[in-house]
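A.B. asks: Take a look at the following structure, please.
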Amino acid sequence: VEDALAHPYLTSLHDISDEPVCIMPFSFDFEQHALTEEQMKELIYREALAFNPEYQQ
Numbered sequence: 001v002e003d004a005l006a007h008p009y010l011t012s013l014h015d016i017s018d019e020p021v022c023i024m025p026f027s028f029d030f031e032q033h034a035l036t037e038e039q040m041k042e043l044i045y046r047e048a049l050a051f052n053p054e055y056q057q
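Mapped onto full-length UniProt numbering, the consecutive letters of the sequence shown carry residue numbers 1 to 57.
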């Protein structure tokens with residue numbers, strides 16, 4: 001990540017004093033369960049409703 005942030009393309013966005021480094025890697029194990037297509041559609045629908053409650057049936 002540090003090498004990517006040091007790339008010239010990101011020079012205008014890169015500020016080393018404002019970019020903390022995480023010592024411990026994040027664990028995304030909770031995302032490893034398999035979902036059916038219908039389950040995925042339902043999760044996306046619920047997420048959309050969270051931002052657009054006026055579409056609730």
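The C-beta atom is built at its ideal place from N, Cα and C for all residues, glycine as well.
What is the DSSP secondary structure of Leu13, counted as helix, strand or coil?
C.D. replies: Taking the first residue of the sequence shown as position 1, residue 13 is located at position 13. Note: Leu13 maps to coil in three-state DSSP.
A.B. asks: Assuming Leu49 and Gln39 form a contact by the criterion Cβ under 8 Å, report the distance between their Cβ atoms to the nearest whole angstrom.
C.D. replies: For the purposes of this step, residue 49 is identified with residue 49 of the sequence shown, where counting begins at 1. For the purposes of this step, residue 39 is identified with residue 39 of the sequence shown, where counting begins at 1. Here Leu49 is actually not in contact with Gln39; their C-beta atoms are around 16 Å apart, not less than 8 Å.
A.B. asks: When the Cα atoms are used, what is the spatial distance from Glu2 to Phe28?
C.D. replies: As a working mapping, residue 2 is identified with position 2 in the sequence shown. As a working mapping, residue 28 is identified with position 28 in the sequence shown. So the two alpha carbons sit approximately 21 Å from each other.
A.B. asks: Whose C-beta lies closer than 8 Å to the C-beta of Ala6 among residues of the same chain, with five residues either side of it excluded?
C.D. replies: Start at 1 with the first residue of the sequence shown, and residue 6 comes out as number 6. Same-chain partners within the cutoff: His14.
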